[in-house]
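Just so you know, the sequences run in chain order H and Z.
Residue numbering for the first sequence follows my numbering, beginning at 1 and increasing consecutively.
Residue numbering for the second sequence follows my numbering, beginning at 1 and increasing consecutively.
By construction, the Cβ of each residue, glycine as well, lies at the ideal position given by its N, Cα and C atoms.
The model shown is predicted, which means the values in this text are computed figures rather than measured ones.
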Amino acid sequence: MTVTVKLFGAMKAQLGNVSELNVRLERGHRVRDLIEAIRATHPGVGALLRDKNVLVSVNHDIAHEDTELAHIDEIALLPPFSGGARALRRSHVHAPVRR
Amino acid sequence: MSMPRSVVEVDDAMLVRLQREDFSIDEEIARVRGRSSRIGGIATFLGTARDRSDERDVSSLVFDYYEGMAQKTLRDIRSRALREFDVIEVLLLHRYGEIAVGDNIVLVVVGAMHRADAFRACRWCIDELKQITPIWKCEHTPDGAVWVEQHP
């Protein structure tokens, strides 16, 4: 299954203003599998995922690592918002706070 | 009985907006004021572009946002404010794209019967907006462009 992932802010800049990634999910279909796949295929983005508190959204809702993904889902990587989401920022992509 | 003259029909979509263009604070306040003649107090918060950030000079800003999710988040904040505070109307407006120093960025307008509720809800709305709305700010500084990720 291949999913399309939207990028914003620093993550988009990292890839030279590319605003979407196509990521092939070979093994599982959950958010954690997506993160693994991105780390393998896009190390630059993977490093940002590790260093920053990036949230993953699925269909405009904040997801968690067990969230299942479908081909048609609208998926995005959300670097910390400029307004300062302190409570959210404390949580890494591996354990985002559920709102 | 006819509707009070001051009550005007406003599309809800006008009360939650992301837009590139500047806005008129008077017009936005009028939009809220016109929603109900019960309103007796209107609190506003206006965020503007400053020329200094983390001890760096800032010459201009660019705001990026997540189309769809940002609007949904603002709609949620407005609904929650209307539900959880004793207020009559809430307007949330954020600009995107390039913004010059001194220009308007974000506006919150809250109308209530009484000022205490208007102030409280207005404060909550701007704090919530900044925390959970997928909007990103890039500052142009002498050292280059910086995506801001930690701001009070």
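CB contact check: residue i to chain H, cutoff 9 Å
i: E149/Z; result: yes
i: A100/Z; result: no
i: R95/Z; result: no
i: L18/Z; result: no
Alpha-carbon to alpha-carbon, residue j and residue i
i: S82/H; j: P134/Z; result: 8 Å
i: V90/Z; j: T41/H; result: 45 Å
i: R39/H; j: D73/H; result: 20 Å
i: S91/H; j: N17/H; result: Unreliable positioning characterises S91/H in this predicted model, as indicated by a pLDDT of 32, which lies under 50. The coordinate reading is nonetheless provided below. Answer to the nearest angstrom: the Cα atoms are 26 Å apart.
i: M14/Z; j: E84/Z; result: 21 Å
i: R78/H; j: I132/Z; result: According to the sequence as given, residue 78/H is Leu; it is not Arg. Those two C-alpha atoms are separated by around 11 Å.
i: T67/H; j: E36/H; result: 14 Å
i: M69/Z; j: A63/H; result: 13 Å
i: L48/H; j: M113/Z; result: 47 Å
i: F119/Z; j: R80/Z; result: 15 Å
i: D103/Z; j: G44/H; result: 34 Å
i: L46/Z; j: I126/Z; result: 9 Å
i: R30/H; j: V23/H; result: 12 Å
i: E27/Z; j: E26/H; result: 53 Å
i: W124/Z; j: D76/Z; result: 13 Å
i: T141/Z; j: L93/Z; result: 26 Å
i: G111/Z; j: L69/H; result: 41 Å
i: L129/Z; j: C122/Z; result: 10 Å
i: D117/Z; j: W136/Z; result: 30 Å
i: A85/H; j: L55/H; result: With a pLDDT of only 43 at A85/H, under 50, the local geometry of the prediction cannot be trusted, and the value read off the model is given with reservation. A85/H and L55/H: Cα-Cα distance of roughly 11 Å.
i: E21/Z; j: L61/Z; result: 14 Å
i: L21/H; j: I25/Z; result: 39 Å
i: S37/Z; j: A10/H; result: 46 Å
i: E139/Z; j: R32/H; result: 32 Å
i: I105/Z; j: A145/Z; result: 18 Å
Contact set between residue i and chain H, taken where Cβ atoms lie within less than 7 Å
i: D64/Z; result: F8, G9
Proximal chain H residues relative to residue i, where beta-carbon distance stays under 9 Å
i: G68/Z; result: H60, E74
Neighbouring residues, chain Z, relative to residue i (Cβ below 7 Å)
i: A13/H; result: W147
Residue i at chain Z interface by Cβ criterion, 9 Å
i: M83/H; result: The residue asked about is misnamed: residue 83/H is Gly in this sequence, not Met. Yes - at least one Cβ of chain Z is within 9 Å of the one on G83/H.
i: H64/H; result: no
i: A87/H; result: Residue confidence is low: A87/H scores 37 on pLDDT, short of 50, so the model does not pin down where it sits. Its coordinate-derived value is still stated next. Closer than 9 Å: yes.
Chain Z contact residues for residue i, given Cβ-Cβ distances below 8 Å
i: P43/H; result: Going along chain Z, no residue has its Cβ under 8 Å from P43/H, so there is no contact; the nearest lies around 19 Å.
i: L78/H; result: Y66, P134
Inter-residue CB distance, residue i and residue j (contact presumed, cutoff 8 Å)
i: I88/Z; j: I39/Z; result: 5 Å
i: E149/Z; j: K52/H; result: 7 Å
i: V3/H; j: H60/H; result: No, V3/H and H60/H are not in contact; Cβ-Cβ is about 15 Å, not under 8 Å.
i: L66/Z; j: A76/H; result: Per the sequence shown, residue 66/Z should be read as Tyr rather than Leu. Right, the Cβ-Cβ distance comes to about 6 Å (below 8 Å), so this counts as a contact.
i: G34/Z; j: R115/Z; result: Contact flag wrong, Cβ pair sits at about 19 Å.
i: D57/Z; j: D64/Z; result: Wrong, their Cβ atoms sit about 21 Å apart, outside the cutoff.
i: V109/Z; j: T44/Z; result: 5 Å
i: L18/Z; j: Q71/Z; result: 6 Å
i: V32/Z; j: L74/Z; result: 15 Å between Cβ atoms; not a contact.
i: L7/H; j: S19/H; result: 6 Å
Mind listing which residues of the region 24-45 of chain Z have their C-beta closer than 8 Å to chain H's C-betas, in chain order?
Within the region 24-45 of chain Z, no residue has a Cβ that lies closer than 8 Å to any Cβ of chain H.
Can you pull out the residues from the region 122-134 of chain Z whose beta carbon lies closer than 8 Å to at least one beta carbon of chain H?
Under the 8 Å Cβ criterion, the region 122-134 of chain Z contributes L129, K130, Q131, I132, T133, P134.
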